[in-house]
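Worksheet for the structure shown next.
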Amino acid sequence: EKVPGFTVGRNLPKLGYKGVESCELSFDDCFVPANALLGGVEGQGFTQMMGGLEIGRIQVAARAIGVARAAFDDALDYATQRETFGQPIWRHQSVGNLLADMATQITAGQRLNYHAAERFDTGVRADLEAGMAKLFCSEMASKVTLDAIRIHGGHGYSTEFDVERYYRDAPLMIVGEGTNEIQRNAWNDAEPRMSPRCIRDPRWGVQLRDNCSGAPDRLSSELALRRTHGLGEVRAPHGGPRGPAACPPD
């Protein structure tokens, strides 16, 4: 249905992600009826949008892992088939080391994102974990795709090979869902409530402490509670009521 005042403008050319169309949208004295309100509650749009950042950043991290893995797979195939000086190039130490680093970083990114996704699924606040996963995985994808081009040599710069497309797609994950500079700032702002204890220990089940506030008094009271009773707070799935959960002793 055509709405007066709403127009779709020109397509926006992009470096990568060309399979997803981007264009300008213009609203000029455009009347939007109340029954078209997104979210159902007036004035809550910003809150609702921010509420999607955790899953959004986990999703961006997953996309970055996928792009990196595709680049690694292509680089490994090429290094196995391409021969110089009588042997496949992966046997040359410089190329083999690149592949080893690529595989290591991809695996690390997967584990970091699994951790963030697991926290999100159990209802525990996961904004910092999602931000760290998005930060690490997007930077990792940028490096891995560039290393894939290095392994391909001159062929990597040709559009006949997919690695140049992966290299162009990777930067979107660095700036999407909040730039990586924002992810670092968010961690710095919340640093008083972050510690190695925030990492899930499988021996103890659900994460023991909800990362809800960086306020010193809240943090002190939580630490005192944990030391005295071995209890902490977790958030129930879907933002439900909080209650005690078992946690490891300090």
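In this text, residue positions in the sequence shown follow this note's numbering: the first is 8, and each later residue adds one. The beta carbon of each residue, even a glycine, is placed where N, CA and C say it ideally should be.
According to DSSP, what are the bridge partners of residue i?
i     : result
Leu32 : Val15
Pro95 : Glu90
Are residue i and residue j touching if we call contact CB-CB under 8 Å?
i      : j      : result
Ile158 : Ala107 : no
Leu175 : Leu19  : The sequence shown places Arg at residue 175, rather than the Leu named in the question. The answer is no: Cβ separation not under 8 Å.
Glu61  : Phe127 : yes
Ser33  : Gly16  : yes
Ala43  : Thr152 : no
Ala78  : Tyr173 : yes
Asp154 : Leu105 : yes
Ala133 : Ala123 : yes
Val52  : Gly46  : The residue asked about is misnamed: residue 52 is Gly in this sequence, not Val. Cβ atoms of Gly52 and Gly46: closer than 8 Å.
Ala197 : Asn120 : no
Here's the rule I'm using: 16 or more other beta-carbon atoms within 10 Å means buried, otherwise exposed. How should residue i be labelled?
i      : result
Val102 : buried
Ser145 : buried
Gly138 : buried
Gln214 : The pLDDT assigned to Gln214 is 42, lower than 50, so where the model puts this residue is not dependable, and the model offers no usable value.
Lys25  : exposed
Glu171 : buried
Lys9   : exposed
Ala177 : buried
Gln190 : buried
Val131 : buried
Ala86  : buried
Smallest Cα separation from residue i: which of the options?
i      : options                        : result
Phe38  : Gly12, Ala193, Asp154, Tyr164  : Gly12
Arg118 : Phe143, Asn104, Asp134, Leu105 : Phe143
Val27  : His122, Ile96, Leu179, Arg98   : Leu179
Arg64  : Ala148, Gly46, Asn195, Thr186  : Thr186
Ile72  : Asp84, Gly116, Thr91, Phe92    : Gly116
Gln112 : Glu136, Ala148, Ala124         : Ala148
Glu136 : Val48, Val67, Gln55, Thr54     : Val67
Val182 : Lys141, His162, Thr91          : Lys141
Glu90  : Ala41, Gly160, Thr114          : Gly160
Glu31  : Ala193, Thr14, Gly93           : Thr14
Ile3   : Pro40, Pro95, Glu188, Asp80    : No information on residue 3 is available, as it lies outside the stretch 8 to 257 that the chain covers here.
Phe168 : Asp84, Gly93, Arg98            : Asp84
Does the Cβ of residue i lie closer than 7 Å to at least one heavy atom of the ligand ATP?
i      : result
Gly103 : Although the ligand ATP was asked about, the structure shown includes no ligands whatsoever.
- prompt: Fully enclosed by the segment 106-141, which beta strand (DSSP E) runs are 3 residues long or longer?
  reply: Taking only runs of at least 3 residues, no beta strand (DSSP E) segment lies wholly in the segment 106-141.
task = Tell me the start and end of each unbroken alpha helix (DSSP H) in the segment 152-198 that is at least 4 residues and wholly inside, in chain order.
result = Within the segment 152-198, the complete alpha helix (DSSP H) runs of at least 4 residues fall at 170-182, 187-197.
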